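Letter by letter, the sequence shown follows residues 767 to 1014 of my numbering.
Using N, Cα and C, we set each Cβ at its ideal position, and we do this for glycine too.
These numbers come from a predicted model, not from an experiment.
To start, the structure itself, in structure tokens.
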Amino acid sequence: MKEWVQSCDGSYTAYSSEYDEHYHSTKDGALNESLKKHIEPAFALHREKDHLRLIDICFGLGFNTLLSLYYRDTYYPDTTLEIYSPELDGDLVSSLVDFPYPEIFEPYRNIITDIATLGAYVDERTVITVDIMDARVAMREMDGEWDVCYQDAFSPSTNPTLWTREYFADIARLIGKEGVVTTYSTALATRLALYENGFHVYLNTGEGYRNATIASRRELEEYEKVGMEHKIGCNPNAQSLRDENSAL
Ligand SMILES: C[S@@+](CC[C@H](N)C(=O)[O-])C[C@H]1O[C@@H](n2cnc3c(N)ncnc32)[C@H](O)[C@@H]1O
């Protein structure tokens, strides 16, 4: 069961009774959270690129994909976008034609319809594929080099399979040397799983949203680095989540 819920910035999100979780932080606001934790850092860190390949884990209501389109069209109109997004819940994706999206997504109504009915959208600057499948399997099977992974699954406690060390090993394999992972999770277990797969870990902090994490293949000057060695020293029993302990 899902119900639409208005979040603090006025945009609507949803609540899942199956996971007992909202799709976005209602306090940060759905649109604001997507912007601050995913889209702004992803585009800022790739401002030189004219073609961006984005993995959107998981599609859900599609805010990260739709806001990427809006952001590209507004600030980087010459950039071409390729977005791949797995999502388990096909009924949810089909229902999105009726979702009360923010006004700024109005120009993308036809894209929402194509995704909801065909699972894909293509024009000369954009390729979007939404696959109704398990993201864990999708990431294992996928190849190629990608610039960004929006890591936006339900929380590690309710959806652990999408936060394990082995899962992030697949993400690490897919993310190129300049690539980044953006996520709302600041859990030490999440940061450890990223760190153990060769990512540098950074704090994404700012006005109007709760702290988040950016993980990068390269050193970033724009963000405060998280001292992972120090954190591990202070928490010697801390562990990343593992496939063998999650309900795979
Ligand atoms: C937090 S919501 C995603 C929010 C989304 N990024 C948005 O902007 O609306 C998590 C989504 O993960 C989906 N999901 C849960 N387990 C999954 C899995 N193993 N593979 C793919 N999708 C999954 C749920 O159906 C839900 O839509």
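Tell me where the beta strand (DSSP E) around residue i begins and ends.
| i | result |
| --- | --- |
| G942 | I941 to T949 |
| L847 | T846 to E853 |
| R813 | Premise fails: R813 is in no beta strand (DSSP E) and is neither H nor E. |
What first and last residue would you give for the alpha helix (DSSP H) that runs through residue i?
| i | result |
| --- | --- |
| H996 | M994 to C1000 |
| L797 | A796 to S800 |
| T840 | F829 to Y841 |
| V859 | G856 to S861 |
| Y961 | L954 to Y961 |
Candidates the options: which alpha carbon is nearest residue i's?
| i | options | result |
| --- | --- | --- |
| T792 | L835, A780 and D786 | A780 |
| K991 | E973, Y778 and R957 | R957 |
| V903 | Y842, Y887, T927 and G910 | T927 |
| E787 | F920, R984 and T840 | F920 |
| D816 | T831, D839 and A796 | D839 |
| D857 | L801, A1004 and I881 | I881 |
| D855 | D822, I898, D864 and E911 | I898 |
| N977 | D794, Y778, S777 and D775 | D794 |
| T952 | V863, V967 and E872 | V967 |
| D818 | T892, E1010 and A901 | Here residue 818 turns out to be Leu, not Asp, going by the sequence shown. Ranking T892, E1010 and A901 by Cα distance to L818 puts T892 first. |
| D909 | Y961, I941 and N970 | I941 |
| W770 | K997, L827 and R813 | L827 |
| I821 | P1002, A938 and N1011 | A938 |
| T971 | S923, F865, Y950 and S851 | Y950 |
| L1007 | Y961, A901 and Y874 | Y961 |
| T924 | S783, W912 and P868 | S783 |
Could you name the residues that DSSP lists as bridge partners for residue i?
| i | result |
| --- | --- |
| L928 | In DSSP, L928 forms no bridge with anything. |
| A981 | V947 and V967 |
| Y989 | Per DSSP, none; premise fails for Y989. |
| Q772 | Y778 |
| D822 | Y916 |
| Y789 | According to DSSP, which records beta bridges pairwise, Y789 is partnered with nothing at all. |
| G972 | Y975 |
| L1007 | T930 |
So is the beta-carbon of residue i under 7 angstroms away from any non-hydrogen atom of ligand 3?
| i | result |
| --- | --- |
| G828 | As far as ligands go, the structure on display features ligand 1 and does not contain ligand 3. |
Subject >> Entirely enclosed beta strand (DSSP E) segments - the segment 873 to 916, minimum 3 residues >> reply: 886 to 889 and 892 to 898
Original post:
Is the number of C-beta pairs between the segment 938 to 946 and the segment 822 to 833 that are closer than 8 angstroms three or more?
Top reply: Too few Cβ pairs lie closer than 8 angstroms, so no.
Original post:
Are the segment 844 to 853 and the segment 798 to 805 in contact at 8 angstroms, needing three or more beta carbon pairs?
Top reply: no
Subject >> Three or more C-beta pairs below 8 angstroms linking the segment 858 to 873 and the segment 924 to 939 >> reply: no
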